[in-house]
Amino acid sequence: MFERNVYDQYGLYCDSRFALGDYEGFEAGGKSFVFFPKEECASNEQEMLDYADYYRSIGDSTMLNVTKTKQGGNVGLIDGQEVYLFELPPQERNGGLHLESNYEVGEHLATIHYYGKQMPLTKRSHDYFGQWHKLWEKRLEQLEGWYQQISYEKPRSYVDEAFLYSYPYFMGLSENAIQYAVDSRLDDPTHDQEKGTVCHRRFTDQTWLVTSTRGGIIKRPTEFVYDHPCRDIAEWVRQKRYDLTESRSSQWDDIHSFIEGYEQYEPLSSYAWRLTYARLLFPVHYFETIENYYRSQINEEKQEHSQTFFSLIEHEGANEEFLKGFSEMVRIPKTSSRTPSVEWL
Numbered sequence: 050m051f052e053r054n055v056y057d058q059y060g061l062y063c064d065s066r067f068a069l070g071d072y073e074g075f076e077a078g079g080k081s082f083v084f085f086p087k088e089e090c091a092s093n094e095q096e097m098l099d100y101a102d103y104y105r106s107i108g109d110s111t112m113l114n115v116t117k118t119k120q121g122g123n124v125g126l127i128d129g130q131e132v133y134l135f136e137l138p139p140q141e142r143n144g145g146l147h148l149e150s151n152y153e154v155g156e157h158l159a160t161i162h163y164y165g166k167q168m169p170l171t172k173r174s175h176d177y178f179g180q181w182h183k184l185w186e187k188r189l190e191q192l193e194g195w196y197q198q199i200s201y202e203k204p205r206s207y208v209d210e211a212f213l214y215s216y217p218y219f220m221g222l223s224e225n226a227i228q229y230a231v232d233s234r235l236d237d238p239t240h241d242q243e244k245g246t247v248c249h250r251r252f253t254d255q256t257w258l259v260t261s262t263r264g265g266i267i268k269r270p271t272e273f274v275y276d277h278p279c280r281d282i283a284e285w286v287r288q289k290r291y292d293l294t295e296s297r298s299s300q301w302d303d304i305h306s307f308i309e310g311y312e313q314y315e316p317l318s319s320y321a322w323r324l325t326y327a328r329l330l331f332p333v334h335y336f337e338t339i340e341n342y343y344r345s346q347i348n349e350e351k352q353e354h355s356q357t358f359f360s361l362i363e364h365e366g367a368n369e370e371f372l373k374g375f376s377e378m379v380r381i382p383k384t385s386s387r388t389p390s391v392e393w394l
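What follows is the structure, given as structure tokens:
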């Protein structure tokens with residue numbers, strides 16, 4: 050069925066299949082292709098194509114380019130799912146970029162942000178620049194609604210009880226993050242010099258897919274959004290914080306190296322640092338875990354989300370310590386007003 054769909058949609062004969070991370074790929078005529086679900090596109094389709102075209106036009110061969118269907122469209126239907134098909138660059142072309150350290154990842158991310166700021170401005174439907182506090186307020190209102198409903202109906206499970214118990218704390222943390230973002234915009238004079246850029250939905254070590262043993266990477270245009278560059282910095286730091294396989298000292302070493310690499314190319318303003326801290330304060334993992342649990346209709350999935358939820362609550366003390374440490378880390382080398390502390394942490 051898969052092979053027939055590929056031929057019907059793209060006129061390609063599938064010689065073999067492979068997996069690239071979580072994604073389905075295949076070989077055809079000596080070339081490699083990979084599918085990404087349309088539903089994963091973080092921007093709208095035209096914006097995604099514009100981002101890919103722009104970076105390829107300035108010489109970024111790691112940026113994938115969409116393969117058209119036989120009918121000239123951008124979206125194909127494979128095994129009942131709407132997808133984008135991208136051709137992978139040959140290894141010899143892609144092998145020139147090796148990201149073997151956190152320093153190099155930070156440095157390369159800074160170049161993406163630098164050139165993203167130069168991209169010709171157009172109106173974007175997915176522009177998050179300056180909108181965080183509004184998005185967080187809306188999300189908090191939704192969670193407040195669930196909290197009130199469960200409180201009124203009485204808890205029916207251990208997750209309900211844990212949610213009712215933990216929500217006031219995470220509500221407070223969320224309100225701190227919202228206020229921190231708003232105050233940073235009002236109080237920091239460097240705000241006026243800030244520019245948005247091309248960012249990722251959520252930047253982690255898994256966002257750029259590794260295609261070779263030498264560390265060659267590819268970039269998925271479906272991941273791109275328009276936002277402040279510190280979005281990517283904060284999310285990369287956040288994933289290090291939640292990596293329970295690493296020691297705390299190792300986490301800090303990784304973060305120091307990543308930030309040092311980034312600032313070698315693109316130094317951050319005091320406003321950018323404050324906005325980074327605001328994003329780290331916002332407990333997005335708490336929101337996502339609760340949302341996933343209450344929206345899930347499959348018992349096995351609900352069980353997985355419940356375990357994630359209890360683990361998150363169990364390690365929240367470590368997160369508080371991390372937030373304290375991060376505030377000190379970015380404040381001490383600069384000025385005492387760089388990231389005003391959140392008193393109760």
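For the sequence shown, the working numbering assigns the number 50 to the initial residue and increments by one for each residue that follows.
No residue lacks a Cβ here, since even glycine has one placed at the ideal position from N, Cα and C.
Predicted model only: the values in this text are computed from it and were never measured.
Contact between TYR229 and TYR326 holds: their C-beta atoms lie close to 7 angstroms from each other, under 8 angstroms. DSSP, reduced to helix, strand and coil, places HIS162 within a helical segment of the structure shown. When DSSP states are grouped into helix, strand and coil, TYR100 belongs to the helix group. In the three-state DSSP reduction, GLU315 falls in the coil class, being neither helix nor strand. Separation of ILE282 and GLN120 (C-alpha to C-alpha, rounded to the nearest whole angstrom) is 40 angstroms. One alpha carbon belongs to ARG269, the other to GLU153, and they sit about 19 angstroms apart. The shortest CA-to-CA distance from ILE266 to any of ASP71, GLU149, CYS90 and LEU213 is the one to GLU149. DSSP, read as helix, strand or coil, puts LEU61 in coil. Nearest to THR111 by C-alpha distance, out of HIS182, LYS117 and TYR103, is TYR103. Taken through DSSP and simplified to helix, strand or coil, ILE347 comes out as coil. Annotation for ASP209: ILE199 place their beta carbon closer than 7 angstroms to its own, counting only its chain and skipping 5 residues before and after. Annotation: ARG344 to GLY108 spans about 43 angstroms, alpha carbon to alpha carbon. If you look at ILE227, you'll find it in the alpha helix (DSSP H) that goes 207 to 236. Contact check for LEU324 against SER233 passes: the beta carbons are separated by less than 8 angstroms. Between the C-alpha atoms of TYR196 and ALA226 there is a straight-line separation of about 20 angstroms. Fully enclosed beta strand (DSSP E) runs of no fewer than 3 residues occupy 273 to 276 of the region 262 to 330, in order along the chain.
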